[in-house]
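Notes to accompany the following structure.
In the working numbering, the protein residues as written are 2 to 549.
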C-alpha cells in the first residue's frame, strides 16, 4: 500500500478556442510519451473528441494512451511536460544517455517567448542522435534509413512502423497521401487539414531526418610551437564542475549538402501542396509553414563557399543538384506561406545537442504569438528574444546585413529569411518576412492578415451555407466580409485614409458563373491594402556654421 498523501496540482488555465485565432501553431514530430498516465482532464477531452469512438478520425485505445497520431491541445509548457518525456531522445541506440528532443526544444522556445497555446501531434519516439559506429563521414545507408521516416510505402516501412506514423504522408510513391476531403486519411502533418484553430505548422525533426544521424566533428588541428615539455600535475583538491553537456561526443549539427537541401525543399513543397488542396475547395491555404533553414555542409565540394553566412548563394540557377532552380524558387521553398528562421540558436537547453545549437523555429513562433496577442496580427514580430538565447550559429559579419544581392528579387538577406541578430548586447529578431519572391507577399504580417481573413471567411461561409444561393445570401456574405475588413482597418491592419481606400468587396452575379450558382458556390472578390512595414528612414541634417 502506498504512503497516504494528498497531492495538489494546479490545473492549467484553458485558453478560449476560436477557429480564427492567429497565434496557434501545430507542432508535429518525434517525442516520447511520458510514463505517467493521462491526467483525468486530458482523458475526458479525448473521450469527447473525434479521436475516440468509431468515426473517421478514431484512434485505437493504445494510440489514445500513447498519444500516437492524436492531436493534443497544449496551453502551457508544464502541460506539455505532463504528457511527453521530451528529454529522452537516445544519444545512441542502447545507450542510457538522453538529450532533449527537437520537438521538445521547439515547444519550450515557443512558450518561453510568449506563446499561449499550441497543438502537438506525436509521430513516434525520437531516433538516436548518432549511430554507434559514427565517424567523421556520413554513411549514405544511415541517411537513407533516417529519410525513410519521412514517408514510407508498405514494402519499405521501418521495423517499428506499428509504433510510428510518417511525418509527411504521401511524400514517396505508394504511401497514401492526405486528402483534404477525407478525414480518414489524415495522419501526422495531415491533421492540419482539420485543426481550424491552427494558423502555423512546424516540423522540428525535418532537418535531422533529411541529413541523417549526427557525425563526429574532426579533431581540431593545433599547431606545435617549440618542443614538448612535461611538468608534474598539480593536485586537484577542488575540481571545477564541468558544465552540463561537456564530455559528450563532439557531434555535427544537422548540416546539408546540395542533395539534402533538394530533399528538404521537396519535402516542404509537398507540405505546402497538401495544405493547398490542389483544386479542391477544402484547403488550408491560410496556414504558414515555419521552419529553421538548415545549416550547409561546407564539405560538399559543390556547396558555395559562403553558403553559411550568405544563404542567398543557394539561390543560384547554376546549381545542378537543385535542378537549376535555386533554393528560393517558387518550385522549391519560395512562398508567401513559408517562413524560415536563421541562424540557429545556442540556448540553455541546447547545450547537449550537436554543436550545442538548435533551430529557431520555436522562438520565432513564440515571438509571433507574443506580438499578435499583445498588439494585433498586423504588427511585425521583430524585437528582443526573452528566453535566454546565448549565441548564434553562424555569426554574421556586419557587412553581410548591408550586402545587396545581384540579379535577385530580394534586396537584402532579410527579404527572404527571418534573421536573428545582435542589437547592442541583446539578441533580436531583425526582420519578419516570408520566402516569397513577390513583394506583395513578402511581409510576414501581410501573409498573416491574409491567413486570418481566409479563416474568418470560412466562418462566414458556414453561416450562409445551406441557404438559397441568391442575392440575399450574397448580400449577407458581402456585409460580413466588409464588417470583418472594417475591423481590420480600424485596428491598423489595413492601409488607407478611409474604408473605401483600404478594401473593396464584390459578391454578386458578376463574380459568379451560372455553373457556380448551379453547383452551390458563392464567390466573393476581395481587394485590400495590408499595412506595410517601414523599411528605411533617411534623415537629412543641415549643418549651419557659426553656431555656439
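We put the CB at the ideal spot given by N, CA and C, even for glycine.
- Scanning the segment 122-149 from its first residue to its last, no whole beta strand (DSSP E) run of 3-plus residues comes out.
- Per the C-alpha coordinates, the member of 477, 351 and 400 positioned closest to residue 90 is 351.
- The secondary-structure analysis by DSSP pairs residue 257 across a beta bridge with 297.
- Looking at the backbone, the Cα of residue 262 and that of residue 360 are separated by about 16 Å.
- Comparing C-alpha distances from residue 142 to each of 445, 210 and 505 shows the shortest one belongs to 210.
- One thing to note: residue 451 has its Cβ no nearer than 8 Å to the Cβ of residue 479.
- With respect to the 8 Å criterion, residue 173 and residue 70 are not classified as neighbours on the basis of their beta carbons.
- Taking a 10 Å sphere around the C-beta of residue 288, we find 16 or more other C-beta atoms and assign the residue as buried.
- It is roughly 34 Å from the alpha-carbon of residue 160 to the alpha-carbon of residue 321.
- Taking 8 Å as the cut-off, the beta carbon of residue 531 is found closer than this to the beta carbon of residue 495.
- Note on geometry: alpha-carbon atoms of residue 306 and residue 491 lie some 49 Å from one another.
- In the DSSP assignment, residue 475 falls within the alpha helix (DSSP H) that extends over 472-491.
- For residue 361, there is no enclosing alpha helix (DSSP H), since its DSSP letter is neither H nor E.
- DSSP places residue 452 in the uninterrupted alpha helix (DSSP H) bounded by 445-465.
- A contact between stretches requires three or more CB pairs, one per stretch, nearer than 8 Å, and the segment 37-53 fails this requirement with the segment 107-123.
- Counting only the Cα atoms, residue 474 lies some 7 Å from residue 468.
- For the set 274, 296 and 311, the Cα lying nearest the Cα of residue 338 is the one of 274.
- In the structure shown, the three-state DSSP call for residue 73 is strand.
- Within the same chain, 175 come within 8 Å of residue 155 by CB-CB distance, once the 5 residues on both sides are set aside.
- Excluding the 5 residues flanking it on each side, residue 319 has same chain C-beta neighbours closer than 8 Å at 325, in chain order.
- Rounded to whole angstroms, the separation of the alpha carbons of residue 330 and residue 266 is 10 Å.
- Cα atoms of residue 368 and residue 430: separation of roughly 8 Å, rounded to the nearest angstrom.
- Look at residue 498 here: in three-state DSSP terms it is coil, with no helix or strand label.
- Leaving aside the five residues that flank residue 88 on each side, the residues in its chain whose CB is nearer than 8 Å to its CB run, in chain order, 99, 100, 101, 102 and 105.
- The beta-carbon distance between residue 136 and residue 217, rounded to whole angstroms, is 6 Å. This is short enough to meet the 8 Å contact definition.
- In terms of Cα proximity to residue 205, the closest of 372, 26, 335 and 283 is 26.
- Residue environment for residue 426: exposed (fewer than 16 other C-beta atoms within 10 angstroms of its C-beta).
- Residue 58 places its beta carbon 8 Å or farther from that of residue 190.
- Classified as buried, residue 434 has 16 or more neighbouring CB atoms from the shown chains inside 10 Å of its CB.
- Comparing alpha carbon positions, the residue from 45, 73 and 117 closest to residue 366 is 117.
- At a Cβ-Cβ threshold of 8 Å, residue 291 and residue 340 count as neighbours.
- Residue pairing by DSSP puts residue 100 in a beta bridge opposite 90.
- In the DSSP assignment, residue 231 falls outside any alpha helix (DSSP H) and carries neither an H nor an E.
- Shown here for residue 258: same chain residues with a beta carbon closer than 7 Å to its own, the five before and five after excluded, namely 298, 301 and 304 in chain order.
- Shortest Cα-Cα distance from residue 128 to any of 144, 138, 179 and 119 involves 144.
- With respect to residue 347, residue 392 sits close: the two C-beta atoms are nearer than 8 Å.
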